[in-house]
DNA sequence: ACCTGAACACCGTTCAAGT
DNA sequence: ACCTGAACACCGTTCAAGT
């Protein structure tokens, strides 16, 4: 243990309290739900005083916002990892839908935070950008297919909205327990098929 | 003021604290959001002690559950008032979708409570019944249309699920501010059309 | 720069006691 | 039967003071 490291030595107590708090918050979220999340408890688990979190997050909402952004990052990675532009449209959408659904099931509480409309003003800019990135990737798939004539004409944003809404609806049914997770994952092919071909007989 | 009405006289202080608390809770929900809802504040507004609500709701969640049931009642009434079995399928679905969307926009916080998956065990039975009634009405529309050959073959529950999910997704986009309420209401015809006819060109 | 300790103004819930 | 008052164990947030 070096005796003299004045400039870049560990900040006395914790080193990286911010990350520790975020990680702890996500664990609590997953294990006990949003309602059980307490800054004081988080501080206790991290071994710091109850006032310490205030140095890294101006208030509880700021921590929730940061957590939501973590969620958007993770979702973005999952989606771009799952997307394969070489796939035929229906297959491509199915794979994307499955990835979104899997994320929603695995991160139900986090997703709720991501969709919550109570962000602090200074976070909502990043939040909006994150949302744009997420729906943007879907919009690109739709626009590509449209150019190839595989999707009806019309405002790509409208079509993306409908597709996104359908996915979001199924995901929220699955995350909310209205639909068993396995049933949702098993039915995803049929859902995408119906979305593309419509409910009316051809 | 009659001096002797021992049996059916007003219960001393309030008369109907339960309803007053529920009404106050919904107003708070609407004006300040779920997070601002406090039993003590509600008691203050009703002019009773902070312990009084405990006589009518075993805890805060019980009040939220009761509120959610109020929401299901109101939604059920709105939907059955809007449904017109004489309408052609696409029109009938559009009208229903518009009613659901309008309810979601007007009762965003209430809807969140209705979909929350944290109900007390004894309330979740009524909650499940309320959900069944709601999706049941949609399922009937789908099954009717299917019998007339206006909708593709397949498990009516699956088709209902997709339709319900789409509506729920659009509603949650609108309620969450991701989609302007007017835009959602204006686009509803197109969404229903796309749902029926599919994204692929015919 | 980061953290502590005390303080303030809130919570939900419980329970004896009152009417 | 319904409500009160006090009590208990929590909160989030702020702020002087410490290192």
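Residue numbers (the working numbering), protein chains in the order written: chain A, 288 to 489; chain B, 288 to 489. Backbone N, C-alpha and C define an ideal beta-carbon position, used for all residues, glycine too.
Going along chain A in order, which residues have a C-beta closer than 9 Å to the C-beta of residue i?
i              : result
residue 464(B) : 404
residue 482(B) : 449, 453, 481, 482, 485 and 486
What residue range is occupied by the uninterrupted alpha helix (DSSP H) comprising residue i?
i              : result
residue 399(B) : 395 to 402
residue 473(A) : 468 to 484
residue 457(B) : 443 to 462
residue 420(B) : 408 to 434
In chain A, which residues lie less than 7 Å from residue i when you measure between Cβ atoms?
i              : result
residue 467(B) : Within 7 Å Cβ-Cβ: nothing; residue 467(B) doesn't reach chain A, min ~11 Å.
residue 478(B) : 449
Residues of chain A with CB closer than 8 Å to the CB of residue i, please, in chain order.
i              : result
residue 438(B) : 486, 487 and 488
residue 320(B) : 405
Using the Cβ count rule (16 or more neighbours within 10 Å means buried), how would you classify residue i?
i              : result
residue 306(A) : exposed
residue 367(A) : exposed
residue 399(B) : buried
residue 396(A) : buried
residue 443(A) : buried
residue 435(B) : exposed
residue 336(A) : exposed
residue 391(B) : buried
residue 338(A) : exposed
residue 464(B) : exposed
I want to verify the contact list: residues of chain B whose CB lies under 9 Å from the CB of residue i, in sequence order.
i              : result
residue 417(A) : Those do not exist, as residue 417(A) stays about 12 Å from chain B at its closest Cβ, beyond 9 Å.
residue 459(A) : 402, 452, 455, 456 and 459
residue 474(A) : 445, 448 and 449
Is it a yes or a no for the segment 481 to 488 of chain A touching the segment 469 to 485 of chain B, going by three-plus beta-carbon pairs under 8 Å?
yes
Between the segment 463 to 478 of chain B and the segment 302 to 311 of chain B, do three or more beta carbon pairs fall short of 8 Å?
The segment 463 to 478 of chain B, when compared against the segment 302 to 311 of chain B, does not touch it at the 8 Å Cβ threshold.
Where are the alpha helix (DSSP H) runs, 4 residues long or more, that stay fully inside the segment 298 to 372 of chain A, in chain order?
304 to 319, 326 to 333 and 347 to 369
Inter-stretch contact (C-beta, 8 Å, three-pair minimum) for the segment 399 to 411 of chain A and the segment 352 to 362 of chain A:
yes
Please determine if the segment 382 to 394 of chain A and the segment 440 to 460 of chain A are in contact, where contact requires at least 3 C-beta pairs separated by less than 8 Å.
yes
I want to know whether the segment 422 to 432 of chain B touches the segment 372 to 385 of chain B - three or more CB-CB distances under 8 Å.
Output reads yes: the segment 372 to 385 of chain B touches the segment 422 to 432 of chain B.
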